[in-house]
Structures are given as structure tokens and as C-alpha cells.
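Student: Taking the working numbering, the leading residue of the sequence shown gets 25, the next gets one more, and so forth.
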Amino acid sequence: MPAAQASMNNLITHSPQLAADVRAIAAEVLEIDARAVDAGKSLRDQGLDSLRLLFLIDRLESRFDIRLVGENLSPDDFRSVDSICRLLKGDHE
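1) If you measure between the beta carbons of Leu1 and Ser104, is that distance less than 8 Å?
2) Could you tell me how far apart the beta carbons of Phe88 and Leu112 are, in whole angstroms, since I believe they sit closer than 8 Å?
3) Exposed or buried, which one is Arg47 when buried takes at least 16 other CB atoms within 10 Å?
4) Just to check, is the beta-carbon of Ile56 closer than 7 Å to a non-hydrogen atom of the ligand PLP?
5) Could you give the C-beta distance for Asp101 and Ala63, rounded to a whole number, given that I count them as a contact under 8 Å?
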């Protein structure tokens with residue numbers, strides 16, 4: 025079973041839009057301006073802790089109408105905006 029199950033009709037596949045949406049969600053969870061979120065930098069270094077990670081997953085699931093579950097998920101999937109985008113696009117191992 026894939027880690028991220030999504031209806032292709034609901035998942036935004038245009039990379040710039042996907043990155044912008046993920047950045048906005050991360051900024052909301054981190055309580056910082058979206059322009060301050062560095063897509064390649066560790067979200068942990070930008071203030072993400074375990075509780076905020078749960079909020080982040082919840083917001084991602086709601087926004088993209090997906091369920092992020094499975095043994096194939098790893099902390100690295102949520103390391104940065106870039107890694108989250110890869111996860112949502114299905115480009116992760």
C-alpha cells in the first residue's frame with residue numbers, strides 16, 4: 025500500500041503551485057511568514073517539533089484530500105518543503 029493515497033483529481037501536480045501550497049501550510053504551522061520558509065532548509069531548523077509535525081500532517085491531509093499512513097513514511101519525508109512535495113507527488117522511496 026502506498027504511503028500517500030490521493031485522488032489525482034484533488035492533488036495539485038503543478039510543482040510551483042504544489043510548493044507554494046506546502047510552503048503556506050508549513051508557514052501556518054510554524055507561525056511564520058510564508059516568505060521566510062526556505063523550501064530546501066530543514067523544517068526542524070525552522071521551528072518544526074513533533075507536535076507541529078502532527079499539525080502539519082493534518083493540514084496536508086485536509087488540503088490535498090489524502091491520507092498519509094504506512095510503514096513507508098519516514099521523518100525524512102517531512103524534512104523540508106521540497107521533501108514533502110516529493111512525497112505528495114509520489115517521488116519518494
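Quick reminder that beta carbons are idealized off the backbone N, C-alpha and C, glycines included.
Tutor: Walking through what the data contain:
1) Limits of the chain in this structure are 25 at one end and 117 at the other, which puts residue 1 out of reach.
2) 6 Å
3) buried
4) For the ligand PLP, the structure offers nothing, since it holds no ligand at all.
5) Actually they are not in contact, since the Cβ atoms of Asp101 and Ala63 sit about 15 Å apart, beyond 8 Å.
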